[in-house]
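Trainee: Handing you this structure, nothing more for now.
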Amino acid sequence: MDSELLEFTTGGRLTTDITAAAADFCRGRGDGLLQVFVPHATAGVAIFETGSRSEEDLELILESVLPRGASYLHRHGSPGHGRDHVLPALVAPSITVPVLDGRMQLGTWQSVVLVDPNADNPRRQVRLSFLAG
Amino acid sequence: MDSELLEFTTGGRLTTDITAAAADFCRGRGDGLLQVFVPHATAGVAIFETGSRSEEDLELILESVLPRGASYLHRHGSPGHGRDHVLPALVAPSITVPVLDGRMQLGTWQSVVLVDPNADNPRRQVRLSFLAG
Amino acid sequence: MDSELLEFTTGGRLTTDITAAAADFCRGRGDGLLQVFVPHATAGVAIFETGSRSEEDLELILESVLPRGASYLHRHGSPGHGRDHVLPALVAPSITVPVLDGRMQLGTWQSVVLVDPNADNPRRQVRLSFLAG
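Residue numbers (the numbering used here), protein chains in the order written: chain X, 96 to 228; chain Y, 96 to 228; chain B, 96 to 228.
Right, here's the structure in full:
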């Protein structure tokens, strides 16, 4: 299994499209599974359409599901940070994508997206692993 | 890795049980991981009990988490379609199932279910891949 | 693929940290993917921080997303049990973790957690599988 830890600049944004880096990683590898893993406790990885403002819709939905202003028992970090730690239970930090002939088999409108509500950390790592099969 | 793209008729329903097709795909393949992937930007794949009305309960919960009547920034398609594009961040379009001796190791009450709130597309594709191990 | 079915005592709690058992299972296995699968229809598996009360925050969030007091169509079990059957669509019963040199590549604050709101079953099974690569 080939595995690489990449670093991305999120710039404090909730979502960062990492499709291009994932495609680069898979190129030339033949058939197998790509595993995308975020080794951070406030982040997840999702597959959805980017570039049509669904990123902002996700932000609004997450604000309603995990209200920043609610009272959280988790006490580290800035106020509201507790919600960031619940996010990975709903947007998991791990996903797999089928790869054929070195290409992810994403649909036309699908992107691989790092989701991290923790604006205090503007740089994030993502581990890409390829299991050939 | 063997991989097949199957087509399912959802008939505009939110959920389509695809367990039988997944079981057929795994039969005879020995041990490994089944990967189920939906190459659509408004769909997810879930594992839960079907046939006891949990499909309708899921529909009610998704209506409360992703209200059709809310205001979404995503502007393509019919009104409320924006929520369909947020769904895959919460119900991911990718899941793996352990397979032993050609049989998915599902619990008694678990089914593999395509979840797609986009009633405008009554036919959907699902990619099944098997990574032997 | 090596695969084992382990049993955990949840004691009726929503969350059970199974990181130590997963680490034991991976030890000595080299590189590959760990697949964690819960063969129960009311349970999921998540990766998030434990020990800083995020477990309780998750419980509060799930109570708001899946209110116990709401009306569910699923009629088996005790009242409110219907919500337990929707949970796996949001907290999936399946997740993979990259493993290098027999060690899960979790971040410092990440734990592997069984999530089961069904307090009627104080013992739960989890299947751990390792696909070498």
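Each residue gets a CB set at the ideal place from its N, CA and C atoms; glycine is no exception.
Can you pull the chain Y neighbours of L168 of chain B, defined as C-beta to C-beta under 7 Å?
Mentor: Residue numbering aside, residue 168 of chain B sits at position 73 when the third sequence is read from its first letter. The answer, in chain order, is R148, E151, D152.
Trainee: Whole angstroms is fine: what's the gap from Q205 of chain B's alpha carbon to E158 of chain Y's?
Mentor: The sequence position of residue 205 of chain B within the third sequence is 110, counting from 1. The sequence position of residue 158 of chain Y within the second sequence is 63, counting from 1. Going from the Cα of Q205 of chain B to the Cα of E158 of chain Y covers about 31 Å.
Trainee: If you follow the alpha helix (DSSP H) that T114 of chain X is in, where does it begin and where does it stop?
Mentor: Start at 1 with the first residue of the first sequence, and residue 114 of chain X comes out as number 19. Note, T114 of chain X: alpha helix (DSSP H), 114–121.
Trainee: Can you list the residues of chain X that P193 of chain Y reaches, using a CB-CB cut of under 8 Å?
Mentor: The sequence position of residue 193 of chain Y within the second sequence is 98, counting from 1. Within 8 Å Cβ-Cβ: nothing; P193 of chain Y doesn't reach chain X, min ~13 Å.
Trainee: Any beta carbon of chain Y sitting closer than 8 Å to that of G228 of chain X?
Mentor: For the purposes of this step, residue 228 of chain X is taken as the residue at position 133 of the first sequence. Interface residue, yes.
Trainee: Quickly, what does DSSP pair G139 of chain X with across the bridge? List them, please.
Mentor: As a position in the first sequence, residue 139 of chain X is number 44, starting the count at 1. According to DSSP, G139 of chain X bridges with X:V210.
Trainee: For E144 of chain X, count the other beta carbons within 10 Å of its own beta carbon; 16 or more makes it buried, fewer makes it exposed. Which is it?
Mentor: Looking up residue 144 of chain X in the first sequence gives position 49. Result: buried.
Trainee: By the three-class DSSP mapping on this structure, what secondary structure does R163 of chain B have?
Mentor: What you label residue 163 of chain B is simply residue 68 of the third sequence in a count that begins at 1. It is coil, neither helix nor strand.
Trainee: What does a CB cutoff of less than 6 Å around G127 of chain B pick up in its chain, not counting 5 residues either side in sequence?
Mentor: Working through the third sequence from its first residue, we reach residue 127 of chain B at position 32. Cβ neighbours of G127 of chain B beyond the five flanking positions: V194, F225, L226, A227, G228.
Trainee: With DSSP as the reference, identify every bridge partner of I190 of chain B, one or two as the case may be.
Mentor: Stepping through the third sequence from its first residue, residue 190 of chain B is reached at position 95. B:V131, per the DSSP bridge assignment.
Trainee: How should H171 of chain X be labelled, buried or exposed, when 16 other C-beta atoms within 10 angstroms of its C-beta is the threshold for buried?
Mentor: For the purposes of this step, residue 171 of chain X is taken as residue 76 along the first sequence, with counting starting at 1. Exposed is the call here.
Trainee: Determine whether the beta carbon atoms of T105 of chain Y and D211 of chain Y lie at a separation below 8 Å.
Mentor: Counting from one through the second sequence, the residue named residue 105 of chain Y turns up at place 10. Counting from one through the second sequence, the residue named residue 211 of chain Y turns up at place 116. Yes; because the gap between Cβ atoms is below 8 Å, this pair is in contact.
Trainee: Counting pairs of beta carbons, one from the region 164–183 of chain X and one from the region 129–148 of chain X, are three or more of them closer than 8 Å?
Mentor: yes
Trainee: Flag this pair as yes or no: are the beta carbons of L201 of chain Y and V131 of chain Y separated by less than 8 Å?
Mentor: Here residue 201 of chain Y refers to the residue found at position 106 of the second sequence. Here residue 131 of chain Y refers to the residue found at position 36 of the second sequence. Not in contact: L201 of chain Y and V131 of chain Y (Cβ atoms no closer than 8 Å).
Trainee: Could you pull the start and end residues of the beta strand (DSSP E) that D97 of chain Y belongs to?
Mentor: The residue labelled residue 97 of chain Y in the question sits at position 2 within the second sequence. It spans 97–104 - the beta strand (DSSP E) in which D97 of chain Y sits, taken as one unbroken run.
Trainee: If the cut-off is 9 Å on Cβ atoms, which residues from the region 177–203 of chain B count as contacting chain Y, listed in chain order?
Mentor: G177, R178, H180, V181, L182, P183, A184, L185, A187, P188, S189, I190, T191
Trainee: Starting from the C-beta of R124 of chain Y, find all residues in its chain whose C-beta is less than 8 Å away, skip the five residues before and the five after it, and write them out in chain order.
Mentor: As a working mapping, residue 124 of chain Y is identified with position 29 in the second sequence. The answer, listed in chain order, is D97, V194, G197, F225, A227.
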